[in-house]
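> Residue numbers (our numbering), protein chains in the order written: chain A, 73 to 300; chain B, 492 to 791.
Ideal placement from N, C-alpha and C gives every residue a C-beta, glycine not left out.
Every value quoted in this text rests on a predicted model; they were computed, and no experiment measured them.
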Amino acid sequence: MELILQQLPIVIRSLNMGFLQTLKLFFVTLLGAFPLGLIIAFGSMSRFRPLSGLTKCVVWVVRGTPLMIQMLIIYYFPGLVLKNPIWGGGESGRFLAASVSFILNYACYFSEIYRGGIQSVPVGQEEAGLVLGMTKRQIFFRVTLLQMIKRIVPPMSNEIITLVKDTSLARIIALQEIIWAGQAFMKGSQGISGAIWPLFFTMVYYLIFNGLLTILLGRLEAKLNYFR
Amino acid sequence: MKKKMTALLMVSVMAASLMACGGKSADSSAAAPADSAVSAPASTAAPASEAASVPAASEAAEAESDLAYVQQKGKLVVGITDFEPMDYRGEDGDWIGFDADMAKAFGESLGVEVEFVEIDWDNKILELDGKTIDCVWNGMTLTDEVTSAMECSNPYFNNAQVVILPSDVAEDYESVEDLADLTFAVESGSAGEAVIADLEYDYIPVKAQSDALMEVAAGTSDAAVIDLLMAMAMTGEDTSYEDLTYTIELNSEEYGVGFRKGSDLAAVLDEYFAAAYEDGTMAEIAEEYGIDAEAALIEQ
Chain A
73 MELILQQLPI
83 VIRSLNMGFL
93 QTLKLFFVTL
103 LGAFPLGLII
113 AFGSMSRFRP
123 LSGLTKCVVW
133 VVRGTPLMIQ
143 MLIIYYFPGL
153 VLKNPIWGGG
163 ESGRFLAASV
173 SFILNYACYF
183 SEIYRGGIQS
193 VPVGQEEAGL
203 VLGMTKRQIF
213 FRVTLLQMIK
223 RIVPPMSNEI
233 ITLVKDTSLA
243 RIIALQEIIW
253 AGQAFMKGSQ
263 GISGAIWPLF
273 FTMVYYLIFN
283 GLLTILLGRL
293 EAKLNYFR
Chain B
492 MKKKMTALLM
502 VSVMAASLMA
512 CGGKSADSSA
522 AAPADSAVSA
532 PASTAAPASE
542 AASVPAASEA
552 AEAESDLAYV
562 QQKGKLVVGI
572 TDFEPMDYRG
582 EDGDWIGFDA
592 DMAKAFGESL
602 GVEVEFVEID
612 WDNKILELDG
622 KTIDCVWNGM
632 TLTDEVTSAM
642 ECSNPYFNNA
652 QVVILPSDVA
662 EDYESVEDLA
672 DLTFAVESGS
682 AGEAVIADLE
692 YDYIPVKAQS
702 DALMEVAAGT
712 SDAAVIDLLM
722 AMAMTGEDTS
732 YEDLTYTIEL
742 NSEEYGVGFR
752 KGSDLAAVLD
762 EYFAAAYEDG
772 TMAEIAEEYG
782 IDAEAALIEQ
């Protein structure tokens with residue numbers, strides 16, 4: 073116990089650094105995947121068959137294969153096969169490659185949630201809009217969008233919380249997020265070795281952050297209740 | 492009918508995308524022979540003296556590959572793991588250690604900056620070939636797998652694979668034969684695994700050497716096989732594993748630095764090692780990290 077107290081500051085400092093990477097990846101993914109998901113949703117709802125077919129195909133591949141493999145391919149494929157290491161070897165390159173993989177992956181999941189949200193708005197409203205002489209664009213932004221946002225908050229919350237934990241997959245391309253930082257003490261790092269508790273301790277970070285997110289998303293949901 | 496159409500469309504899109512990928516690699520492989528085809532007639536048409544210079548030219552092109560590549564970008568990216576006392580973070584968070592300091596000195600001799608990148612050890616060859624790192628310099632045991640996949644420097648450091656046992660039973664095992672009934676934990680893909688597999692003893696591959704130690708500490712395995720260097724640092728008094736000790740040396744092995752296959756940097760490093768060994772720089776750095784230079788360093 074005494075030993076743990078002695079090691080605690082070192083471990084916390086290291087885990088903090090790791091968690092910063094986790095947070096960075098988390099926010100960058102959300103920032104990228106929110107708009108990209110909407111674009112993909114429009115693609116898959118398009119009446120133009122080749123476009124909707126292609127989008128659905130992409131969504132199928134991205135959702136149907138493990139994110140871990142996608143990340144390995146996105147990071148190593150350019151250098152290994154195309155002989156053009158576009159990402160570079162440093163930490164920033166790894167982060168960029170991880171971000172791209174996560175944004176693509178999550179945008180595909182989000183797109184299906186968006187699609188569900190948009191299609192759950194009764195067709196009658198669109199028809200009413202058309203009768204009033206609104207353009208499709210106006211109908212989407214003034215009638216459908218807000219109702220969609222309200223309806224997708226619960227399923228989105230699910231994905232967002234999953235995303236927090238999924239960021240740990242980025243360690244496969246050696247992005248030093250919090251799990252990597254915790255696991256380093258098992259092998260030996262900064263004079264601490266064979267310690268498994270730092271790895272378990274990372275759970276505290278996830279729990280607290282997800283707790284905060286749950287509260288925030290709950291509030292958002294309550295705020296959006298005015299439609300009822 | 493509609494469904495069939497969609498299915499057909501999806502299949503054709505997939506096929507097209509697959510072919511697009513295939514097309515690219517076919518292009519690049521087709522480009523290479525085309526180039527040589529262009530140069531071949533030129534050399535046959537040229538007088539004999541010029542034809543003789545062709546191999547030299549291709550050699551120059553090869554020499555250009557890695558040393559020039561690194562010097563041109565001004566940076567040597569060194570792939571490492573956190574491995575005291577070879578590469579680890581010092582108080583201020585910078586990478587230090589015997590290997591790290593040697594790498595910095597080598598970078599200086601090339602006139603390039605050295606960047607350390609922590610990698611997943613399983614992916615080291617991928618990282619090298621994908622040019623995300625330029626070398627693996629992390630107390631790497633020169634096994635057949637390593638030397639066949641990388642261009643390796645001369646060995647510079649002695650290590651051994653040792654058996655880890657709980658201290659209270661260690662005395663019962665005096666020879667390799669005594670170990671036959673034990674179940675071992677070894678790092679998957681490590682030199683230790685190769686030794687135990689050769690002996691045909693029971694073993695469980697685990698993710699890391701530290702996991703192997705933990706298996707013995709937890710009693711889930713009877714013994715482990717790990718690097719001597721690591722065993723010295725992690726077992727015995729004042730360590731995390733006070734109840735464990737290292738006993739029999741199963742084999743001795745040597746550390747080397749790995750570069751991309753065919754890289755000219757390995758030869759450059761060999762020259763540097765020879766100079767650094769000669770003038771005592773190597774021994775000096777070794778002593779700094781508590782390494783017995785006399786026993787550990789290999790004459791260059």
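1) Assign residue 272 of chain A to one of three DSSP states: helix, strand, or coil.
2) Does the CB of residue 115 of chain A have a neighbour CB from chain B at under 7 Å?
3) Using a Cβ cut-off of 9 Å, pull out every chain A residue sitting near residue 573 of chain B, in sequence order please.
4) Is any beta-carbon of chain A found at less than 7 Å from that of residue 733 of chain B?
5) Taking just the CA atoms, how far does residue 610 of chain B sit from residue 241 of chain A?
6) Quick one: Cα of residue 91 of chain A to Cα of residue 200 of chain A, how far?
7) Excluding the 5 residues flanking residue 774 of chain B on each side, which residues of the same chain have their C-beta closer than 7 Å to its C-beta?
8) When the distance is taken between beta carbons, is residue 110 of chain A closer than 7 Å to residue 178 of chain A?
9) What residues in its chain sit with their C-beta under 7 Å from that of residue 281 of chain A, if we drop five residues either side in the sequence?
10) Less than 7 Å separating the beta-carbons of residue 739 of chain B and residue 637 of chain B?
11) Does the segment 209-229 of chain A come into contact with the segment 578-596 of chain B, if we say contact requires no fewer than three beta-carbon pairs (one atom in each stretch) closer than 8 Å?
12) In the structure shown, what three-state DSSP assignment does residue 718 of chain B receive?
13) Put residue 743 of chain B into one of helix, strand or coil per three-state DSSP.
14) Check whether the Cβ atoms of residue 674 of chain B and residue 713 of chain B sit closer than 7 Å, and answer yes or no.
15) Per DSSP, which one or two residues make a beta bridge with residue 119 of chain A?
16) Could you compute how far the alpha carbon of residue 571 of chain B sits from the alpha carbon of residue 243 of chain A?
17) Residues of chain B with CB under 7 Å from residue 148 of chain A, in chain order?
18) If we ignore side chains and look at the alpha-carbon of each, how far apart do residue 247 of chain A and residue 764 of chain B end up?
19) Could you pull the start and end residues of the alpha helix (DSSP H) that residue 617 of chain B belongs to?
20) Closer than 9 Å, Cβ to any Cβ of chain B: which residues of the segment 160-181 of chain A, in chain order?
21) Relative to chain B, which residues along the segment 216-235 of chain A have a C-beta separation below 7 Å, given in chain order?
22) Drop a sphere of 10 angstroms on the beta-carbon of residue 642 of chain B, count the other beta-carbons inside from all chains shown, and report buried for 16 or more, exposed for fewer.
This is what the structure gives:
1) helix
2) no
3) 256, 259, 260, 261, 262
4) It does not; no Cβ of chain A falls within 7 Å.
5) 14 Å
6) 49 Å
7) 784, 788
8) The answer is no: Cβ separation not under 7 Å.
9) 236
10) no
11) no
12) DSSP places residue 718 of chain B in strand when its eight states are reduced to three.
13) Residue state, collapsed to three classes: strand.
14) yes
15) When beta bridges are read from the DSSP output, residue 119 of chain A appears opposite no residue.
16) 15 Å
17) 617, 621
18) 32 Å
19) 615-620
20) 160, 161, 162, 163, 165, 166
21) none
22) Label assigned to residue 642 of chain B: buried.
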